[in-house]
Structure formats: C-alpha cells, structure tokens
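These protein sequences, in sequence, are chains A, B and C. Here the first sequence is numbered in the working numbering, starting from 1 and rising by one per residue. Here the second sequence is numbered in the working numbering, starting from 465 and rising by one per residue. Here the third sequence is numbered in the working numbering, starting from 715 and rising by one per residue. Beta carbons: idealized from backbone N, C-alpha and C, even for Gly.
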Amino acid sequence: MSREAFVDSSRFEFTSRTDYSYVSEKGFTESLVREISGRKDEPGWMLQLRLNSFRAFSRIHDPSFGVDTGLLDLGEIVAYLKPNASRERAWEDLPVEIRETFEKLGIPEAERNSLSGAGAQYDSEVVYQNIKRELEELGVVFLDMESAVKEYPELVKKYFMKAVPATDHKYSALHGAVWSGGSFVYVPKNIKVKQPLQAYFRMNAASSGQFEHTLIVADEGSELQFIEGCSAPRFNELNLHVGMVEIFVLKGARVRYSTIQNWSKNTYNLNTKRAIVEEDGTMEWISGSLGSMKTMLYPTTVLKGRRARAEHLGITYAGPGQHMDTGSKVIHLAPETSSIVDARSISTGGGWAFYRGLLDISERAVNSKSAVQCTAMMIDNDSRSDTLPIISVDNSSSNIGHEARIGRISEEQIFYLMSRGLSESEAKAMIVRGFVEPVAKQFPVEYAVELNRLINLEIEGSIG
Amino acid sequence: MSLLRVENLHAVLKESMEEILKGVNVKVNSGEIHAIMGPNGSGKSTFAHVLMGNPKFKVTSGSITLDGVDLGDLSTDERAKQGMFMTFQHPQEIPGIRLRSFLIAASGELGNMESPIMKSRKIDRLSIDNSFDKDLVDRYLNVGFSGGEKKKSEIVQMQFLKPKLVVLDEIDSGLDVDALKVISKSINSFRSERNGIILITHYERLLEYVVPDYVHVYVDGSVVASGGPDLAREIQQSGYERYAVSLREV
Amino acid sequence: MEKSINLKHGDKTMVRPSRKEILDFKDYGDRDFLMACEKFGPPMSVYVSDRYSEYKRLGFPDWKRTNLRGMSIPPMVSRFPRKSTDPYLKSMNWLSSDEVELLDSLDFEGSDRKLLLLGDIFFDSGVILSIPDGSVMKKPFLVGRSDSVEQISNNLFIAGEHSEIQIVIDSKASRNWFLQNNRFLLKRGSKVDVLFVNHLGSEGYGFVNNFYRLEEGAVLKVFEVSPFSGTMVSYHLGLSAGKNSSMDFEPLFLAAGNTNLDLQFITRIMAENCNGQINGTGVAIDNGSVIFRGNVDMRRGAKNSTGSEHSSVTILSDGARADAIPCLLVDENEVNASHAATIGSLDEERIFYLMSRGMTRERALKMIVRGTFEPVIERMELLFPENCGGLRNALDRRVGR
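Structure, rendered in structure tokens:
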C-alpha cells in the first residue's frame, strides 16, 4: 500500500497560531455577504454584484455531473478570515508570525530568485504585496483584487465576472457572492512582461473556504506569464476551494497561466478557470493537479477572435483517497482558430482520475483545427482511470484529431532500464517522470522538482 | 506549332496574398522538352500547380494558353480535359479506389471510349514497361506505395491518359538510379509531335537521361535565364548563385 | 441488468447525469398491454408483466442531442405469429421457463431503458434462434423480412459451444418506425458474424438495442450499415465475460439529407486476454448529423486485454455536423486501452489531384466518399458475399446528387 505522498510535508503541514482580527460565522447567508462587503469597504456596484450572485446561488441546482459533493456541508464552512496585519509593502514590516509562515513556504526565496513580485494570500486577505518599480514604470498593474476594485473601478467593472458570470453554475454563483482576495493584473498595450508574476496563498484555519478571484487583462499585443501555486495543511473538517480565474487576452496578446494545485487531502477543489481570446491572441494553460480530495477543474478557453490559439497542458495525479475530475474545454467560435490539448494523468493507490473534455467547433469556426491527446498511466491495480471527451464539429472545413491511451508502465521499458542497473522502483519512477516530463518542464523549477520528488515517493511506496 | 504559351504570369497564394509567381514567360512548341531548374523555394512547384488550376492560388495577371485555348477561367478538371497534365511531387493517397479502376474511369472522362478490357490490358502493359509491380495496380491509389512507386504510378497514369502538355514536378526527387532510368525511358518514349513536356527539377541528373531542348533558370518567381542543354551543365558546376546574385543587383 | 456506465470506484461516486423525460407523450396503456399479452404463454406473460410495471414508471427520454419529441409510436396490433418449421427457430411467444430465465439473465439498459422495455413487451415479431453445440451453419440466417412499415421485434440468438453462424438483419424495405431488441449469447468457443443493414424512411425513427454476451473463447464480428434518412438510434453492448474472447464492431454510416444518427458501441471486458475493437467510419453531408459514441470499458479482471476504439467522420457540407464521444473507462491496470477519433473535412488536395485527372468536382467527391467506405465494404463482402449487393450504389446515390 502506498504511503502518504508529500515528501516535504514538514514544509507545508503546520498551522500558525495567528490571531485573526475577524472570523465570520459559519455558513452562507445574505447578511454574511453584506458583512463581507462592508468590511472591505466596497463601492455599491460590487455589493450589488455579490447580492445578485447570492440570489443566483440560492436558485441554481448542483451540477449534474462530476464528483459527489454530498458530504460537503456548506453550512459548516467559514467564509472569511481577516488576519491581524494590514496590507504591507515591505517584507520587514510584517508581524513576525506571518513572516515566519511565509518563510517556511519559501516566498522570500522566490522573491530573491527575481520573480517580479509576489502577491501572497494569507487566509482570505492579501497581506504582503510588493510590486517592483519596473512593473510600475511599464504601467503594469499588479495588486490585490480588493484594492483594484477601489483604485481601478472602470477597468474592473468592465471585466469582473464577465468571462464567468454568476449564473454560469452553482459554484460560480457562490464565488461571486463571497469572493475574497486574489490578484488583479493589467498589462498595457504592447508591453511584454519578461519575468513571470507569481501569486501564492494557502488556507489555514479549519473549515475555511477559499474564494480568491484572479482577474488578468492583457491588452493588445502584450505578453504575460502568471504562476499560481498553493498548498494547505491537512485538517479534519472539510476544506473548500471555490476560486475563479478570469483571463482576457486581447488582440495579438499572449498569456501563459501556470498552476500547481496541491491542496490538502480533505479539500473540495471546485475551481473555475476561463480565458477569452480575441483575434490573433494566444492562451496557454499549464496545470498540475496534485492534491485535494475531490477536484473539479476544467480550464476553459473561448477562442472568440480569428486565428486565436489555445494550448492546454496538464498533469493530474490521483493518489489514495483522491477523486480527480479534471479536463479542458476549448470552444472555437471564430475562423482559423487552433488548439492543442495534452493531458496526462497518473492514478495510483485507489485514486480515480477522470478526464472530461469538451472540444466544440462552432459553425462559424471554419478552417479550424485541433489536436487533443490524453494519456493515462495506472501504476497499480487499485486505481481507476477514465476519459470522456466530447468532440463536436459544426462546419465542413475543420480538422480535428483526438487520441487517448490508458495503460500501465511498459514491462519492456522496465526490463530495459533494469538491465542497465536500475532497481525496479528506480526504473518505474524514471518512466513515470519521463511520462510527465513534456508537461512538467513547462512549470517553474521549484514545482517541477516537487513533482519529481512526489513521484519517486509514490512509486517506491507502491512497490513496498 | 505553339502548344503552351504562358505570358507574364503573376499569381499569389490566396491564404496570405503573398506573390509567388512574378511574371513567368514560357513558350513550349509541340514535340519540345523544356526543363525548368531553380533553387529550392523559388516557386517552381507553384508554377506547375497554377498551370493546373490549384484553387489555393490566384492568378493576378498574365495568361495561360494551351493549344489556342485560354485556360484562365477553367477549373482543374476542365484543364485536364483540354489536355493539361501534371505529375505530383507528393502524390495523394486515396484509399478505397484502386489504381486500375481509377484509370479506367479517368480515361473515360477524358474521352477514351475503348472497352474496359482493352484499357485494362494497356494498363498492365504500361506497368511492365515501367517495372511497376503489377500488384500495385490493384491496390488502393498510392496507399502504402514507396516514393519510387508513387512516381512510377504517376508515369503510368501519364502514359495511359495521353495528355497534350505534361508538367513533371520533380519527378526525379527520391529516386534511385534504376528507377530514374526506367522513368526516363518512359518520358523519352512518350515524347512525340503531338505533345510537349516541361520538366521541373532541382538537380541536373535527370537531364542527362532526358535531354531537354531548352533549359530555363527559375529564381524567385520568374525565369531569369534561358538556354540549351549546356545551361544545365553549367548550373551543375557553379550552382544558382550567379542568377540569384544578378537578380539582387537589378 | 447491464448498465451502460458504472459510476462508482471504491468509496467514491460520480454524479449521475440526470435523465429528463418528455411530457405529454402518447404512450401505450393497459389495453395495449393486454392486447400484446394475448399471444404469450404463461412463462412469458409473467416476465412481460414485471417489465410492464417498470415500463409504466418511466417516461420517454428527452435527449439533448437526438430529438424524440415529434415521434409517435405505432398503434398496437394483435398478431399471432406462425409456427416455424425450421428446427432451430422458435417463436418468441412460446418460451419455456428456462428460456425465459435465460432471457432475463441477458437484461440490459439499451439506448434507454424505456425504449428497451417497449421492445421487450410490445413486440409483434420475434424469434429464438438456437444453434446446437458444434454445428457450423453454411448459409447466413436472415432476420427481418417483413412487409409492414412499422415493426417492433425482439430476438434471441444462442450460439452453442463451438458453433459457427452468420446472421443478417436486413429489413430490405424502408420503414417508418421500427424498434428491435436483439440479444446474443455466444457460448464457449462459438463464432458469430452479424450484419445489420438498417433501412428507414425519411421521416422515420429506428431503434436497435443489441446485447452480446461472450463466453470463453467466443468470437464476435459485427458490421452495421446505417440508413441514409430518418432518425436512427443504434446501441450495441458487447460483454466479454469469458477469457480469450474477442469482439469487433465495424459500423459504417452515411448521414445525408436530414438524417440524424446516434450510434453507441460499448465493449466491456471483464475477463483475461480479451480483445474489444470498435472501428467506425462515416460521412456527414447535406444537413445530416452524426453522434458516434464508442466506449471501451475495461473492468477488474480484464488482465492482458486490449480495448481500442477508432472513429473517423468526414463532414462534406456546411449544414452537416458530427459529434464524437470516445470514452475510455479503465479499472484494471494491466491492459491496453486506447482510442482515436478524427473529424475532418474534405481534403482539398485530394480533390485537386483527382480533378487534375479529369474528374469533375462532383465525381471526385463521390470517389472520395466511395473510397472511404470501400475498405469496410470489401471486408463485409468477404464474410457476407451475397448480402452486400447494392450497398455501393445506395451510398453513391446519396452523395452529390
């Protein structure tokens, strides 16, 4: 039987005993929504958006597919926590406890490694922000979502929840009502941001929901890379993550969004990620789903303008106790659009990896093409792996190819590597690493290293 | 007698509106063999495709006249019926249609009213002449054929359909010496007073076996020099540089 | 009952997609049921009564992709089947209790439970064909000749151990409405080839639900040619229950005019060393629409088995559309499961090549479509030399009028 997966557990599994200046009541009610808005001192239009979302939430049914959310009692979740430190600009000014937490999570290192700026979320509030002067000079806006609502209302109003309206599904409605934290990025026309921007957050208190909202607007001709990575320690009660990422790629712009999601093993991760791409724009989603108990995550790209492009690369890992329902959706709405999807999954120790994909070529998307490839590796016989792609083509000039393969590690390959001196577990680990490599190499180095270590441990555990 | 006249032909690739043919002038009389040589990427293949009316390209000015008929508005199959033929550099694989029955049907389209049995016998004979494995004739059109077999399949088609003007687009690429000899023999025996042949090639080797009457050097979208067979040998020795240079100086 | 999809793994479940029903559908009632029952012997009556209670609780499915709302089911007719003189053939009404038990053991969901039950209860024709152990049938067995334009039939085919038989299910005439449930039991070592040719009128509806249970060493090959008009819902579930068995489905389809095709193939493997293959080839033209679902389902116990699915659809007109839903469900790691689906358009380079040899564009199109189907038809002809006549022309006629 496999051991627990996280090698560097000590790095993540602890709870700081931080004081919170405010902890909301459990459960979701309209008064809670008003309370949250009030505490954030939000303008009226945002409060209204929250209330509309809340009403939609009360009306919409649970999704008719995906993981079973029967055990998730929304009445038990604490939606909003405000830790005891106001927004800071310099690292040294933060309270010691919070600094220690972040040091353990490696933020200052990341900073030192010349990442452009890290907006770190600490339990529903962005405590630490640092925008480098370069970004400011370029006119790039990178700040926490709450501040953006106040400082750039016109811009935010134009885009906030326009890609994923509250009425989209039950959890987007929930998100719209109680969202808190997250980043806002605006890149002006033709500005190419060379260093990737990074946001980092974690859940702390038991039963705390995470509802951060990331909104990225890449104006015409701009280029941006954004890295989002998160982790949370393990708790007894159920943890919930209903975040949202909306990305608007305007004409000729290019955005790459990388995530490694490594939530603790009792989290429900019901995230929504969507990008709308205009003419000649390009969107790249690089996703690694490693943690959480149950995940429903389908990065979606809507190719709205002519010659828009999408590339979805993903790794999903379903270990003991995990049910991962992940996939990708690409919707072609304009001519000459193209997309590539490469989804790889590993299931082991009783885990269940389910790939759900949608590829929709609308009538207007003439002369479009798409290539989708999903490969799944089942390490042992307790796990399960499924793929269910839906491919829908509505015009006569497009070309679509879809391929999937599910299997185990090739015996011949193991034999070959062992004949060169590797032990069986080393050989297996190498093969699995090779399997994820094409996608893994797109991730930032720290994550790739973590991923490899995780794989090693998992494989060795499964043989013993 | 004038068979093919191409005058000041300009053509663009529709997708990008990029001009590929920049004023091509070629005149082929019946019984002649013309060779068109040029560096890679100069648009030689495009010339063949435009003659054949490939809808990917659009003629922006100039004219193509075959045996007195202006081909300008004609579709590909109409041009074939007028007697234009092209051997493809990368012949398409068409599963489900056997080469034999395809040829019988195609020749019917082009006016050949012989009985299928007569046609079939002819096809067999042509296969033998071209050292073309008889089995291949009963296989699906070009499916699974090696490079050399595909080229031979094109030649068999040419000989069977008997067009007036043949454009051979790099028929020699990828061929070993034996195949080259066989194909060259077929081309030479095909040549007659009733037809004309254009050989598009990059290497001079083919022209040792099929000696052209005229050689044209084609660089960057148009013919920059013309001459006799000696021109081919000169290029063999000094390459295309000279012509590319002179063009730049213009 | 063999369900179409399994949504549980250990202690995890997946949310089951909801099933919507059409309201105000003119359904069969108790009187129709009694009329249908008149012809049954006692064991069959009991079996059918149970089904009817389930039938009554369900409405007709309101599907997202294939619309059944405008449909009306044929009026119930009282018909007593003739007794057959064929030693292997028996009318479905007069099953013994053992045979009814067998029928019950081969219960499945079909494209929809309501539709399957309709066929099981209200059929007006149905046979059991039972081939004894070891017999090798020289000529194919033909099912389906009938003069009526509407038909509900229910058949059971039993191939004895190590027997060999070919079955052709070809109505030979266009129908307005037909529903057919076919159950096949392939006993150990048997070899069964089936050819379905479905004919349907342009406003018609056709439903075919097929379940194949393969025991050890059994070999199944299925060809299906789908009709060129109407709304056709075809469902095939193959179950490899015994080791070393193999199933191979090769459907061919052309959705022309206003045809709607909804085709589903499931190869479910539960034993070792088995092989399940699905290879679908089709063309959608005019306003035709195709949904092709190919499910490879490898269950626990399917060690060293291979499941593969391949579908290729060419869309030739702007009004046509195609959906492919290739599904791989794997619960056993020592298997090879793969699928590949392509949906494509006309290859202009191919058209150009053919036109350069003098074919008009129309002719070139026909040639390419014919070429798409040709390899499959040739394979069909090898197994069923006398039953494929006219297929090529029928396909040809629908393309490029």
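For residue j and residue i, believed in contact at Cβ under 8 Å, the rounded distance
| i | j | result |
| --- | --- | --- |
| G1008/C | S1025/C | 6 Å |
| M1081/C | A1051/C | Incorrect: roughly 35 Å between the Cβ atoms, too far for contact. |
| S37/A | M46/A | 7 Å |
| F226/A | Y257/A | 5 Å |
| N895/C | N868/C | 5 Å |
| T259/A | G288/A | 7 Å |
| L530/B | G547/B | 6 Å |
| L670/B | L644/B | 7 Å |
| G319/A | T1056/C | The pair is not a contact, with the Cβ atoms about 34 Å apart (cut-off 8 Å). |
| Y159/A | V249/A | So it is not a contact: roughly 12 Å between Cβ atoms. |
| I340/A | E311/A | 5 Å |
Own chain residues within Cβ distance below 7 Å of residue i, not counting five before or after
| i | result |
| --- | --- |
| R827/C | L772 |
| K905/C | E878, V933 |
| R697/B | E668 |
| N469/A | The structure shown does not extend to residue 469/A, since chain A is modelled only from 1 to 464, so the question has no answer here. |
| R1075/C | I1065, M1069 |
| Q621/B | L567 |
Distance between residue j and residue i (C-alpha atoms, nearest Å)
| i | j | result |
| --- | --- | --- |
| A1016/C | L388/A | 20 Å |
| G314/A | Y298/A | 10 Å |
| L1030/C | F654/B | 38 Å |
| V922/C | R309/A | 41 Å |
| T546/A | A440/A | Because chain A in this structure spans residues 1 to 464, residue 546/A falls outside the shown range and cannot be described. |
| G685/B | A334/A | 34 Å |
| P1099/C | D907/C | 13 Å |
| D1110/C | G858/C | 24 Å |
| L94/A | H169/A | With a pLDDT of only 49 at L94/A, under the threshold of 50, the placement of this residue in the model should not be trusted, and no figure is reported. |
| K40/A | V245/A | 20 Å |
| G182/A | A148/A | 10 Å |
| S584/B | I568/B | 7 Å |
| S525/B | G703/B | 31 Å |
| E109/A | N271/A | With a pLDDT of only 45 at E109/A, under 50, the local geometry of the prediction cannot be trusted, and no value is derived from it. |
Residue environment, residue i, which counts as buried when at least 16 other CB atoms sit within 10 Å
| i | result |
| --- | --- |
| H175/A | buried |
| V187/A | buried |
| Y171/A | buried |
| P854/C | buried |
| E578/B | exposed |
| E657/B | exposed |
| D380/A | buried |
| H61/A | exposed |
| I651/B | buried |
| S954/C | buried |
| I842/C | buried |
| R682/C | Because chain C here runs from 715 to 1115, residue 682/C falls outside it and cannot be looked at. |
| D818/C | exposed |
| S648/B | buried |
| Q865/C | buried |
| K901/C | buried |
Neighbourhood of residue i by C-beta, 6 Å cutoff - its chain only, sequence neighbours within 5 removed
| i | result |
| --- | --- |
| F211/A | H175, V178, W179, S180, V242 |
| V141/A | Y186 |
| M851/C | I879 |
| D342/A | L313, Q373 |
| K717/C | E823 |
Cutoff 8 Å; reference residue i; Cβ partners in own chain excluding five residues on either side
| i | result |
| --- | --- |
| R765/C | L831, D834, I835 |
| G660/B | L467, L468, V492, N493, S494, G495, E496, I497, H498, K628, L629, V630 |
At least three beta-carbon pairs within less than 8 Å, the region 995-1007 of chain C to the region 345-357 of chain A: no
Assess, as a yes-or-no matter, whether the region 508-523 of chain B is touched by the region 619-635 of chain B under the definition of 3 or more beta carbon pairs within less than 8 Å. yes
Report yes or no: do the region 404-419 of chain A and the region 1060-1067 of chain C share at least 3 C-beta pairs separated by less than 8 Å? no
Can at least three beta-carbon pairs, one atom from the region 599-609 of chain B and one from the region 546-565 of chain B, be found at a separation below 8 Å? yes
Could you tell me whether the region 359-370 of chain A touches the region 739-749 of chain C, where touching means 3 or more Cβ pairs closer than 8 Å? no
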